[in-house]
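Novice:
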Amino acid sequence: MARILSIDYGRKRTGLAVTDPLQLIAGGLATVSTHLLFDWLKDYVAREEVERIVIGEPRQLNGQPSENQPRVIAFVNRWRKAMPAIPIDLYDERFTSVLAHQTMLEGGLKKKARQDKALVDEISATIILEDYMRSRKL
Numbered sequence: 056m057a058r059i060l061s062i063d064y065g066r067k068r069t070g071l072a073v074t075d076p077l078q079l080i081a082g083g084l085a086t087v088s089t090h091l092l093f094d095w096l097k098d099y100v101a102r103e104e105v106e107r108i109v110i111g112e113p114r115q116l117n118g119q120p121s122e123n124q125p126r127v128i129a130f131v132n133r134w135r136k137a138m139p140a141i142p143i144d145l146y147d148e149r150f151t152s153v154l155a156h157q158t159m160l161e162g163g164l165k166k167k168a169r170q171d172k173a174l175v176d177e178i179s180a181t182i183i184l185e186d187y188m189r190s191r192k193l
């Protein structure tokens with residue numbers, strides 16, 4: 056089997072998470088400057104076998120697209136054109152940032168660590184990946 060990689064795409068920073076090769080466990084991978092993301096991912100998939108990419112689909116609570124959705128769609132389209140062998144799926148990311156902060160609180164992280172936006176993005180990507188993996192098992 057190959058890994059599944061998830062993306063919490065942000066305007067400035069993007070959180071990444073990945074499964075183990077058996078797709079049993081999801082874990083944070085990195086936080087990358089968004090303007091470097093495409094090349095970073097191309098390098099990563101050249102080194103690691105990645106079966107699929109899951110990217111958080113930004114929506115508002117009412118289900119309408121958020122202001123970040125056009126950027127996400129543009130990235131998805133660029134990826135699909137350049138790397139068609141590795142599919143990329145959109146997955147609802149509502150509440151992931153809230154859940155990331157809650158996870159940090161429950162994990163006992165100090166206030167300064169909880170203010171680390173890069174860590175929040177990486178945890179959000181992990182939550183997206185865990186939810187995606189759970190949805191596939193249903």
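Quick note, in my numbering, the sequence shown goes up one by one and the last residue is 193.
For each residue, glycine too, the CB sits at the ideal point set by N, CA and C.
Since we're looking at a predicted model, the values are computed, not measured.
1. Should residue 143 be labelled buried (16 or more other beta-carbon atoms within 10 Å of its own) or exposed?
2. Write down every uninterrupted run of the beta strand (DSSP E) in the segment 84–158 whose length is 3 residues or greater and which is fully enclosed by it, in chain order.
3. Kindly give me the distance between the Cβ atoms of residue 86 and residue 70, rounded to whole angstroms, as I take these residues to be in contact under 8 Å.
4. Please report the residue range of the beta strand (DSSP E) in which residue 182 lies.
5. Straight-line CA distance for residue 173 to residue 84?
6. Starting from residue 66, trace the beta strand (DSSP E) in both directions and tell me its first and last residue.
7. Can you have a look at residue 108 and say buried or exposed, based on whether 16 or more other CB atoms are within 10 angstroms of its CB?
8. Considering only residues of the same chain and omitting the five flanking positions on each side of residue 131, which have a CB-CB separation below 8 Å?
9. Shortest alpha-carbon distance to residue 176 belongs to which of 56, 72, 59?
Specialist: If we stick to the structure as given:
1. Here residue 143 is taken as the residue at index 88 of the sequence shown, counted from 1. Buried is the call here.
2. 105–112, 143–147
3. Taking the sequence shown and counting its residues from 1, the one referred to as residue 86 is at position 31. Taking the sequence shown and counting its residues from 1, the one referred to as residue 70 is at position 15. Residue 86 to residue 70, Cβ: 5 Å. Contact.
4. Here residue 182 corresponds to residue number 127 of the sequence shown, with the count starting at 1. Note, residue 182: premise wrong, no beta strand (DSSP E); alpha helix (DSSP H) at 172–192.
5. The residue you call residue 173 lines up with position 118 of the sequence shown. The residue you call residue 84 lines up with position 29 of the sequence shown. Distance between residue 173 and residue 84, taken at the CA atoms: about 11 Å.
6. Translated into positions along the sequence shown, residue 66 becomes position 11. Careful: residue 66 lies outside any beta strand (DSSP E) and carries neither H nor E.
7. Taking the sequence shown and counting its residues from 1, one reaches residue 108 at position 53. Residue 108 comes out buried.
8. Within the sequence shown, numbered from 1, the residue matching residue 131 stands at position 76. Closer than 8 Å at Cβ, skipping near neighbours: 110, 143, 145.
9. By 1-based counting over the sequence shown, the position of residue 176 is 121. Of the candidates 56, 72, 59, the one whose C-alpha sits nearest the C-alpha of residue 176 is 72.
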